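*Asks:*
Chains as they are written, first to last, in UniProt numbering: chain A, 1 to 456; chain B, 1 to 677.
(1) Assign residue 541/B to one of two classes, buried (16 or more other C-beta atoms within 10 Å of its C-beta) or exposed (fewer than that).
(2) Using a Cβ-Cβ cut-off of 8 Å, state whether residue 334/B counts as contacting chain A.
(3) Closer than 8 Å, CB to CB, is residue 465/B near chain A or not?
(4) CA-CA distance, residue 176/B and residue 633/B?
(5) Given a cut-off of 8 Å, decide if residue 640/B and residue 552/B are closer than it, judged by their beta-carbon atoms.
(6) For the stretch 550-584 of chain B, list every residue whose C-beta sits within 9 Å of some C-beta in chain A, in sequence order.
(7) Give the straight-line distance between the Cα atoms of residue 577/B and residue 584/B, rounded to the nearest whole angstrom.
(8) Going along chain A, which residues have a C-beta under 9 Å from residue 588/B?
(9) Span of the alpha helix (DSSP H) holding residue 20/A?
(10) If you draw a straight line from the alpha carbon of residue 186/B to that of residue 629/B, how long is it in whole angstroms?
(11) Listing by chain order, which chain B residues have their CB less than 7 Å from the CB of residue 284/A?
(12) Hey, residue 30/A and residue 327/A: beta-carbon distance below 8 Å or not?
(13) Using the beta-carbon of each residue, which ones in chain B are nearer than 7 Å to residue 46/A?
(14) Alpha carbon to alpha carbon, what distance is there between residue 337/B and residue 627/B?
(15) For chain B, check one thing: does any of its Cβ atoms lie closer than 8 Å to the Cβ of residue 89/A?
(16) Around the Cβ of residue 346/B, are there at least 16 other Cβ atoms within 10 angstroms (buried) or fewer (exposed)?
(17) Could you tell me the distance, in whole angstroms, from the CA atom of residue 384/A to the CA atom of residue 199/A?
(18) Any beta-carbon of chain A closer than 8 Å to the one on residue 344/B?
(19) For residue 70/A and residue 489/B, what's the separation of their Cα atoms in angstroms?
(20) For chain A, check one thing: does any of its Cβ atoms lie closer than 8 Å to the Cβ of residue 488/B?
(21) Could you work out which residue in 304/A, 207/A, 24/A, 119/A is closest to residue 89/A when comparing CA atoms only?
(22) Does DSSP classify residue 313/A as helix, strand or coil?
(23) By DSSP's criteria, residue 533/B is part of a beta bridge. Which residues make up the other side?
(24) Can you check which of these residues, 194/A, 191/A, 202/A, is closest to residue 173/A by C-alpha distance?
(25) Based on DSSP bridge pairs, tell me the residues matched to residue 51/A.
(26) Does the beta carbon of residue 460/B sit closer than 8 Å to a beta carbon anywhere in chain A?
(27) Run through chain B and tell me which residues come within less than 8 Å of residue 49/A, C-beta to C-beta.
(28) According to DSSP, is residue 118/A helix, strand or coil?
(29) In the stretch 118-133 of chain A, which residues sit with their C-beta less than 7 Å from some C-beta in chain B, listed in chain order?
(30) Output needed for residue 94/B: all residues of its chain with C-beta closer than 8 Å, excluding positions within five of it in sequence on either side, in chain order.
(31) So, for residue 389/A: in the same chain, excluding its five sequence neighbours on each side, which residues have a beta-carbon less than 6 Å away from its beta-carbon?
(32) So if DSSP puts residue 572/B in a beta bridge, which residue, or which two residues, is it bridged to?
(33) Does residue 604/B come out as helix, strand or coil in the three-state DSSP assignment?
(34) Can you grab the Cα-Cα spacing for the pair residue 589/B / residue 465/B, in whole Å?
(35) Could you tell me which of 95/A, 63/A, 374/A sits nearest to residue 220/A, measuring between CA atoms?
(36) List the residues of chain A whose Cβ lies closer than 7 Å to the Cβ of residue 378/B, in chain order.
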């Protein structure tokens, strides 16, 4: 086995709390299938037969009830992390360290993409990298998608990525907040890598290939809590610093001794090429570098690479806006992001029973009365849509009832929600089991438990 | 032209006697052909001259049992000798399965006769160009009519049993045999053959094959009816024999195709293959048509060709572009392709290929691991890793299963980049050891032994050899020498560094060449060491040669006839050195000696990425970005060339300083040594 897959599904959906109060983030429906189905399907298409799924403890029952494993036909090892702990991604990985035997592929549960994984894997394999990550151009339509129930724009935290364009070697990966006015770059790095592109328009897809030793390194360094925020920037930075002179000087040695010496030992033990490694590098006649007289890769043992998606689609449904937008897009992009997988019954396209177009999905057991207009909407299972209901750009989860003559525009209705007769809702979120009274007129509102039974 | 020796291996069955008949006939025909039409010799001769070494080549191929399409190279039509060789060898090697079973044996004979048939076809076709010549053969064909009838039956029965199986090999074969003779269609067929090589077997192929099978059957039927017509007889004979051959190939292909489909990712995407195969099919139809029309006038024939031209032009642009961009003289070589498609169908988990092999393949194709020694070491370390992870599947034998696996891996590597001679030799050595492994030892013991074997190989054949070479080379470097070296060779690099460490005072001229500029790596190492260096590009060599006292070159391989295969440009350097009376020394480890014989860089070579030629480094701007769209432009990026032995003063090897011509001796001694083990 070349890679082990780990699906990070323990996120709390902190950027979409309105939806996740009643439903764990990974099970939020996108195109009438739980969000987590998409990354699992991606893995399945790339030959993975099993995957480790990390979920929060409180969501365990729901996740296992959802029977995701049968839907994707994979063997899932569902690991729960204690709900008392607020663990970061790195801590979760540390938690499952015993299960990790080979290099890992880490993927987030909210990633929906038509990316072909082998392209990233090829970069990883070609350079015997320590870490490879997928970067995708941010699609503006998703970022600027109006988020229902929110006033003002969601502030996006940008990443600043420095990448050597022809090799894909990462120079730095930091959040915007890590820098002040300037982005510093060491001179010797620039001499060795004279062509560095700095991007601020790239999104980290949260798809990583990680060497086994990096997991070991994570285990040793318990102060690292997240992969993206802490591990990644530090490993990328440490690529260029070798600890040739052990214990001689400077403070970085303390850090470096952990990263560089250990990896060095570990890379070799991991790759099992130790004994002939020197001979190999001596014999190699490759010349593909500038700026120093060092050996291949300037003697860097730790190498991090990024792959920038050139075309195709890569979306993370991690904010309200992108969640709503992905749902809107999914009927169109279904084939490409799922590799023409057969739709689960619940995700079949709407029939022309009512005035629903190709741009909608209607779930199983949903009753649609006459004269219902459905446009660009996703409707879950067992919903009741009464007469003369108009839906535009809506996401409606399971067991939702919409009474006669209601008009809903750009709304998200969580499961078991009820919308009374003749209501007009615009840009609203109706939480789980919430009721919207008859003849309500709401716009840009969030109806949650606290505000039970709003009456106007 | 040399009359090949024919040995009929087994005369027990009818088909083998047929084979012998055909052989002798071909011989006759060819000798007559020689007398009659000396002008035609030129078309055949270059091929025939290969026949000596084709034998070796073929042996290797038949042993490997590669895909039938690949096996069919343009050398084949000539090598009647090799057909015999095939059988002898296959007997020796067991040919995979039970040889004593009569079925298997007869099948082999069919192969032979099939091969002969094609050769007959070749000579026949040569002749049919002028009617006069054909008449000479009339009496012969009459004599053969009886045999033919029998063979027809045989072929028909075989086709009947294997209706659904593969026939495109037949076409490929036909194309092969017809290609050198018919000028007009030659180019096209070469195209399709090359594409055929690229597109290996897939399901799509099976479809095309079925069609082809039908086609061929039709031809056979037509041929049967016209048995009285002598010339059609010739045709049908050829077709039928080819058919039989194809049937045999089909069986093999079906077996292997299934295997490969599962194991090795296809090089090209299925879509591309479909396109290619369509083309193949059309080519096959053309052949069939030509077969039928051959007895008719030339005009009609050319009309047929035109028709096919039209047909092929229907193909989508993609394939045409691909085809168009092959440099004519080098169409027969595996064309460079991007590695994007290589890994596309490989699973990220649970792939049949070991991760280390996938990684190695990519590293080799991307040039991260470069240089034939480095590639060999990397391969061996990867194999070691594989062996360590290896567990014999139940009901299987380690020696057989592992060998098959390694063969599979080598297939993949070959797709990434044609395997270097050094790698092939090392794997040959290893598989020999594996097959000789006693079956009664347990897995861990066997694995241990194999790993040991790999380590000794690396140590003795590469590491110590390198040291020995630098020692031997060091003796040849004197104070105040000016040594010229070309691009980067690990052994030359080592030798120069060691000589410097010994305290010798010399200067080095590093000659480099676009597009790869490997010489910079050499320069880097030498400069790092502190050796005094000059760096010039190859176009300045005549100027710099005046001050040079020795030329030291590395080698990719040393051929049995003493030709040095090395990075393209070496022969040019050697030539200039000769003009200035500078001795040329070649450093080459003995494990890179090859039993192949090549006399030019065309028959066997490697094509690198043509884009390298138009790309600037680092890639900020491409001068001819859209070169694929310029119809009048072809790019040729050759990897190797051959330096004739008379330009080389001496070869510095790990066993001493030798003349180029001593390769066969070294190989014989080595072979004897390995036999004893």
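Positions of the beta carbon are idealized from the N, C-alpha and C atoms, including for glycine.
This one's a predicted model, so the numbers in the text were calculated from it and none came from an experiment.
*Replies:* This is what the structure holds:
(1) buried
(2) no
(3) no
(4) The pLDDT assigned to residue 176/B is 43, lower than 50, so where the model puts this residue is not dependable; a value taken from the coordinates is nonetheless given after this. The straight-line gap from Cα to Cα measures roughly 27 Å.
(5) no
(6) 554
(7) 7 Å
(8) Those within 9 Å of residue 588/B in chain A number zero; the least Cβ separation is about 14 Å.
(9) 17-20
(10) Unreliable placement is indicated for residue 186/B, whose pLDDT of 42 sits below 50; the coordinate value is still reported in the next sentence. Distance between the alpha carbons of residue 186/B and residue 629/B: 23 Å.
(11) 369, 370, 371, 374
(12) yes
(13) 347, 348
(14) 16 Å
(15) no
(16) buried
(17) 47 Å
(18) yes
(19) 56 Å
(20) yes
(21) 207/A
(22) coil
(23) 508/B
(24) 202/A
(25) 76/A
(26) no
(27) 349, 350
(28) helix
(29) 118, 121, 122, 125, 126, 127, 128
(30) Unreliable placement is indicated for residue 94/B, whose pLDDT of 33 sits below 50; the coordinate value is still reported in the next sentence. Cβ neighbours of residue 94/B beyond the five flanking positions: none.
(31) 372, 402, 406
(32) Answer by DSSP bridge pairing: none, since residue 572/B is not bridged.
(33) coil
(34) 6 Å
(35) 95/A
(36) 280
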